[in-house]
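Written below as structure tokens is the structure these notes are about.
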Amino acid sequence: MQHDSALARAAAALATPALDEADAAVGADEPSQRFRTVWISDIHLGTPGCQAEALLEFLREVECEQLFLVGDIIDGWQLRRSWYWPQAHNDVVQKLLRKARKGCRVIFIPGNHDEFARKYVNHDFGGIEVVQDWIHETADGRTLWITHGDLFDGVIQCAKWLAHVGDTAYEFTLKLNSYLNRLRARMGLPYWSLSKYLKLKVKRAVSFISDFEIAVAREARKRGVHGVVCGHIHHAELRDIDGILYANDGDWVESLTALVEHADGRLEILDWSERHRRPAAKSNATQAPPVAVALAQLK
Ligand SMILES: [Mn+2]
Numbered sequence: 009m010q011h012d013s014a015l016a017r018a019a020a021a022l023a024t025p026a027l028d029e030a031d032a033a034v035g036a037d038e039p040s041q042r043f044r045t046v047w048i049s050d051i052h053l054g055t056p057g058c059q060a061e062a063l064l065e066f067l068r069e070v071e072c073e074q075l076f077l078v079g080d081i082i083d084g085w086q087l088r089r090s091w092y093w094p095q096a097h098n099d100v101v102q103k104l105l106r107k108a109r110k111g112c113r114v115i116f117i118p119g120n121h122d123e124f125a126r127k128y129v130n131h132d133f134g135g136i137e138v139v140q141d142w143i144h145e146t147a148d149g150r151t152l153w154i155t156h157g158d159l160f161d162g163v164i165q166c167a168k169w170l171a172h173v174g175d176t177a178y179e180f181t182l183k184l185n186s187y188l189n190r191l192r193a194r195m196g197l198p199y200w201s202l203s204k205y206l207k208l209k210v211k212r213a214v215s216f217i218s219d220f221e222i223a224v225a226r227e228a229r230k231r232g233v234h235g236v237v238c239g240h241i242h243h244a245e246l247r248d249i250d251g252i253l254y255a256n257d258g259d260w261v262e263s264l265t266a267l268v269e270h271a272d273g274r275l276e277i278l279d280w281s282e283r284h285r286r287p288a289a290k291s292n293a294t295q296a297p298p299v300a301v302a303l304a305q306l307k
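Using the working numbering, the letters of the sequence shown correspond one by one to residues 9 to 307.
Okay, here's the thing in structure tokens:
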């Protein structure tokens, strides 16, 4: 008996470093990708739909000189209704502050869901600068106007209460979305977005997206810039609209996308949903300690 418990203790001791190593590997701050600039938006911290774990992974693996938070980072609307703030959401905020401390220039452009932050425009929070909008110059000399994009949303601009009604319906589809995704993950199927599917299927949604894109590009032309970077509609895009570069960095609720600028000024949309699938499978494997697996095999 005594011998058995000593063996179990030894086995536990052996298992522990292995788990620590796995944790260290996951938590290691060794960026594997470097960019000149990164744009992310529509994170919606404070809502169950926010894919904070995937975003943390992205922030750990990606390093940049400038990081733009293009609005709807913290969902003030949703938090006012019910408080939802798990550890992973806190970790995202800590990670962003840490990036700012470590020399990355972090610029936050509030959106409609975090409009409370618009009161603090031209202030700085732990090194994160809050601005209304921004003109960014790429390495190859192009000027990009950066704005969240809600100003072009006629519904939000004209009737705030209507936008809140829409928000509730939206929250419902997001909840359904995260439930279906959990189910799919359990079945080993890839990430799939219901909202994205609905948005692309419904004709009116498609025309809403293109109306939005055209309106934003038109405003960018009026401002005399080469292009525009925005978020808001949760639909990543990088295309030319009548000679104006329209870039949308997508979101971290459904599509898990970011816009990046390479050292030479080249812009690209990163789709993290494909990458996120693999580490998720890996972390499932580390949940069962090797000793437990070995013991199960002996039975
Ligand atoms: Mn928005």
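For each residue, glycine too, the CB sits at the ideal point set by N, CA and C.
The model shown is predicted, which means the values in this text are computed figures rather than measured ones.
Would you identify the three-state DSSP class for Val101, choosing helix, strand or coil? Correct three-state label for Val101: helix.
Ordered along the chain, which non-local residues of its own chain (more than five positions away) have a Cβ less than 8 Å from that of Pro94? Spatial neighbours of Pro94 in its own chain (CB-CB distance under 8 Å, excluding positions within 5 residues in sequence) are listed in chain order as Ala60.
Cβ-based neighbour list, Ile81, same chain, cut-off 7 Å, excluding 5 preceding and 5 following: Ile51, Leu53, Phe116, Asp122
Under a three-way DSSP split, which group does Leu254 fall into? Correcting the residue identity first, residue 254 is Tyr in this sequence and not Leu. Tyr254: strand per DSSP, three-state reduction.
So which of Trp280, Val224, Asp219, Gly84 has the shortest CA-CA distance to Gly119? Gly84
Using a strict less-than 7 Å threshold between each residue's beta carbon and the heavy atoms of ligand 1, what residues do you get? Asp50, Gly79, Asp80, Gly119, Asn120, His121, His156, Gly157, Asp158, Gly239, His240
Whole-angstrom distance between Arg150 and Val268, CA atom to CA atom: 14 Å
Please state whether DSSP places Ile249 in a helix, a strand or coil. When DSSP states are grouped into helix, strand and coil, Ile249 belongs to the strand group.
Which residues mark the beginning and the end of the alpha helix (DSSP H) in which Gln86 is found? The continuous alpha helix (DSSP H) containing Gln86 extends over residues 84-89.
How about the region 143-159 and the region 224-235: do they share at least three Cβ pairs that are nearer than 8 Å? yes
Buried or exposed: which applies to Trp280, given that a residue is buried once 16 or more other Cβ atoms fall within 10 Å of its Cβ? buried
How many Å lie between Arg126 and Asp250 at the Cα? 31 Å
Nearest to Glu221 by CA position, among Asn256, Gly135, Arg192, Val78, is which residue? Asn256
Neighbourhood of Glu29 by C-beta, 7 Å cutoff - its chain only, sequence neighbours within 5 removed: Low confidence applies here, because Glu29 scores a pLDDT of 36, under 50, leaving its location unreliable; read the following figure in that light. Contacts found: none.
Where Pro39 and Ser263 are concerned, what is the direct C-alpha to C-alpha distance, given to the nearest angstrom? 22 Å
Apart from the five residues on each side of it in sequence, which residues of its chain come closer than 6 Å, Cβ to Cβ, to Gly79? Ser49, Ile117, Pro118, Gly119, His156, Gly239
If Val114 sits next to Lys107, beta carbons under 8 Å apart, how far is it from one beta carbon to the other, in whole angstroms? 6 Å
In angstroms, rounded to a whole number, what distance separates the CA positions of Ala228 and Phe66? 29 Å
Quick check on Ala33: buried or exposed, where buried means 16 or more other Cβ atoms within 10 Å of its Cβ? Model confidence at Ala33 stands at a pLDDT of 43, short of 50, so the residue's coordinates are unreliable; what they give is reported in the following sentence. With fewer than 16 Cβ atoms within 10 Å of its Cβ, Ala33 is classed as exposed.
Kindly indicate which three-state DSSP category Leu184 falls into: helix, strand or coil? helix
What residue range does the beta strand (DSSP E) around Phe66 cover? Note, Phe66: premise wrong, no beta strand (DSSP E); alpha helix (DSSP H) at 60-69.
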